[in-house]
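Asks: Line order of the protein sequences matches chains A and B.
Residues in the first sequence are numbered consecutively from 58, following the working numbering.
Residues in the second sequence are numbered consecutively from 75, following the working numbering.
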Amino acid sequence: MSSISVTPDPFTLVPYDVAEIRSLVEDAAALVEVSPGVDIALIVDEELFAPLTGHMSDVVDGRIVLWISGANFEDNRRPLHFSAEQARLDLAVMMLRAKDRLSEDFADAPPDAQLSRGERTAWDTYAAGRARRLGLPVRQPRQLYDFRLQHGFTDVADAAFTRCWETDHLTWAAVREICKETGAVDRGKSKVPVDLLRQKK
Amino acid sequence: MKKMLAESELARDDRFVRTKIEDRIFDPRGARIAQRDTGPAKMGVDRPAAGERSRSLMHGIFVGEIQALEGAGRTCYDFDDDAAPFQLKLDMARQCWDESRHCEISVKLGDHMGTEIGEYTESTFLFAAACNPDPVLRLCGVNRALEGLAIDVFKSMKDFGNEADDPVLEFCEDWMLADEVTHVKMGSDWLRRLTETDPDRRERALEFQRTVDAIFNLGGFRGEDDENPIQLARDFRRLAGFTEDENDSLAELARQSTEQARQMAEAATAALDASAQGS
Chain A
58 MSSISVTPDP
68 FTLVPYDVAE
78 IRSLVEDAAA
88 LVEVSPGVDI
98 ALIVDEELFA
108 PLTGHMSDVV
118 DGRIVLWISG
128 ANFEDNRRPL
138 HFSAEQARLD
148 LAVMMLRAKD
158 RLSEDFADAP
168 PDAQLSRGER
178 TAWDTYAAGR
188 ARRLGLPVRQ
198 PRQLYDFRLQ
208 HGFTDVADAA
218 FTRCWETDHL
228 TWAAVREICK
238 ETGAVDRGKS
248 KVPVDLLRQK
258 K
Chain B
75 MKKMLAESEL
85 ARDDRFVRTK
95 IEDRIFDPRG
105 ARIAQRDTGP
115 AKMGVDRPAA
125 GERSRSLMHG
135 IFVGEIQALE
145 GAGRTCYDFD
155 DDAAPFQLKL
165 DMARQCWDES
175 RHCEISVKLG
185 DHMGTEIGEY
195 TESTFLFAAA
205 CNPDPVLRLC
215 GVNRALEGLA
225 IDVFKSMKDF
235 GNEADDPVLE
245 FCEDWMLADE
255 VTHVKMGSDW
265 LRRLTETDPD
275 RRERALEFQR
285 TVDAIFNLGG
295 FRGEDDENPI
305 QLARDFRRLA
315 GFTEDENDSL
325 AELARQSTEQ
335 ARQMAEAATA
345 ALDASAQGS
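(1) Any beta carbon of chain B sitting closer than 9 Å to that of A:T110?
(2) Does B:M338 come out as helix, strand or coil in the three-state DSSP assignment?
(3) Is the shortest distance between the beta-carbon of A:A107 and the beta-carbons of chain B less than 9 Å?
(4) Against chain A, with Cβ distances strictly below 9 Å, would B:Y151 count as a contact?
(5) Report the residue ranges of all alpha helix (DSSP H) runs contained in full by the stretch 105–186 of chain A; include only those spanning at least 4 residues, in chain order.
(6) Quick check for students: name the residue ranges of the alpha helix (DSSP H) that lie wholly in the stretch 259–330 of chain B, counting only runs of 4 or more.
(7) Measuring from the CB of B:W264, is there a heavy atom of the ligand SAH at a distance below 8 Å?
(8) Could you check if B:P180 is buried or exposed, using at least 16 other CB atoms within 10 Å of its CB as the buried criterion?
(9) Measuring CB atoms only, is the stretch 118–129 of chain A touching the stretch 186–198 of chain A, in the sense that at least three cross pairs come out at less than 8 Å?
(10) To which residues of the same chain is B:L200 closer than 6 Å at the C-beta, ignoring the five residues directly before and after it?
(11) By how many angstroms is the C-alpha of A:G186 removed from the C-alpha of B:A158?
(12) So, under 8 Å CB-CB, B:R218 and B:S262 are touching, yes? Tell me the CB distance rounded to an integer number of Å.
(13) Quick check: the Cα distance between A:I97 and B:E178, rounded to an integer number of angstroms?
(14) Could you pull out every residue in the same chain whose Cβ sits closer than 7 Å to the Cβ of B:C246, ignoring the five residues on either side in sequence?
(15) For chain B, check one thing: does any of its Cβ atoms lie closer than 9 Å to the Cβ of A:P136?
(16) Quick check: the stretch 219–238 of chain B against the stretch 292–306 of chain B, are there 3 or more CB pairs under 8 Å?
(17) Using a Cβ cut-off of 7 Å, pull out every chain B residue sitting near A:D203, in sequence order please.
(18) Give me the residue from A:E223, A:P136, A:R177 with the minimum Cα distance to A:Q197.
(19) Measuring straight from C-alpha to C-alpha, what distance separates B:A105 and A:L253?
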């Protein structure tokens, strides 16, 4: 049996319930079949609000370490309110990526803070497609738009998106290949760090 | 049919959820975020949450178009021909046609970006500018302040589409932008004609416009720096008939709003810190 921790505990700025979130994390881990015995730590940044969304999935010393913006859990239609449906979806995507990291297929992938936006979006698409097939209400056009922002509004990018979306098996090497194919790899390095929202003064 | 419709009486189906501007102002997280570097607020594909930010703004544009349609429509109906000449109402009717088309384009753009009608909340403060009982003041609020803001918003979105190489977004915003320039010109023309012999009324109307502009700048939403999500589109404003003095004055107003927001955030943070030390 793995241990699951949620930080902060309790929440002080938003009325999110730690027990409810812990239970959703447990459900997500079970849904994507994370090996029993793997510990999971979830950090929620409760200061961030919509639309400042973002999440990261890493594995540190065999332990899954997840970070997510509080905005991801927020009901867009009711600011400050927790949306279990939204949380369920994002946690599944995060957990799928964490599970990828525990496999050989993504053993060479750098931590999320070092991924390029193109790499990250391709990997997210792979996870979102699988989450949809697991029965979660993932919206394909939303994912496609995010993919196009980083890989281009071209037929080549759309074909790459379809491959990421539909497959049940992708590797880190394949993600890098996709970035070469769409030209995402040639995009100039941004001055804005990919983990900027995670950085606090 | 009732004349002078209040904001609270706008017709919406159950997909729409209304929010008040105060909800965001008094959100306890606001002060914390103001102290953090969350990246440039100006739209860009390499900004954190670029997709979500653009979807949220697109939805804001969509509900703004509905309110602009309602505002222009009310002006056709609320005043008799003595208060508002028939030709002015014809212009407003034409504007309704444009705004209706913009609503449809915005829905299609929402589909393109992966969002749905009602996914985000609606604030009706734009329509508030269309509630003035004096047609000249209303015209200034709607056709110069609100439609002027629309020029800035569409230019910012067009630039974002251009940067992302998204031809759909860029072209749609460009076409809508052209309409907004016409709407502002109509407002400026009617302001001049209706106040030709009444400089006091003209000044009151311009003062009302400045008040509405100040509201639209709220919290540094609009300005000329990277920290402003919406950029002041000076060139297009010039095409619409705003003078360079007016653009400078609006830019100054925007800087003051950004500074005020910063001071409010600092004060709120100090209050939070004091409260944490006291507890």
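Using N, Cα and C, we set each Cβ at its ideal position, and we do this for glycine too.
Replies: If we stick to the structure as given:
(1) So yes, A:T110 belongs to the interface.
(2) Helix.
(3) Using a CB distance cut-off of 9 Å, A:A107 counts as an interface residue toward chain B.
(4) Cβ-Cβ to chain A under 9 Å: no for B:Y151.
(5) As far as the stretch 105–186 of chain A is concerned, its whole alpha helix (DSSP H) runs of at least 4 residues are 141–158.
(6) Within the stretch 259–330 of chain B, the complete alpha helix (DSSP H) runs of at least 4 residues are 273–290, 308–313.
(7) With respect to the ligand SAH, the structure offers nothing, as it holds no ligand at all.
(8) It is Ser, not Pro, that sits at residue 180 of chain B in the sequence shown. B:S180 comes out buried.
(9) With a cut-off of 8 Å, the stretch 186–198 of chain A and the stretch 118–129 of chain A do not count as touching, because too few Cβ pairs lie within range.
(10) If we look at B:L200 and ignore the five residues flanking it on each side, its Cβ neighbours are G138, Q141, L220.
(11) So the two alpha carbons sit approximately 56 Å from each other.
(12) Contact annotation, B:R218 with B:S262: C-beta distance approximately 6 Å; criterion of less than 8 Å satisfied.
(13) When only Cα atoms are considered, A:I97 and B:E178 end up about 45 Å apart.
(14) I179, L183, listed in sequence order.
(15) At least one beta carbon of chain B lies nearer than 9 Å to the beta carbon of A:P136.
(16) By the Cβ rule, the stretch 219–238 of chain B counts as touching the stretch 292–306 of chain B, because three or more pairs are nearer than 8 Å.
(17) For A:D203, the chain B residues whose C-beta falls within less than 7 Å of its own C-beta are G125, listed in chain order.
(18) Proximity to A:Q197 across A:E223, A:P136, A:R177 peaks at A:E223, based on C-alpha coordinates.
(19) B:A105 and A:L253: Cα-Cα distance of roughly 18 Å.
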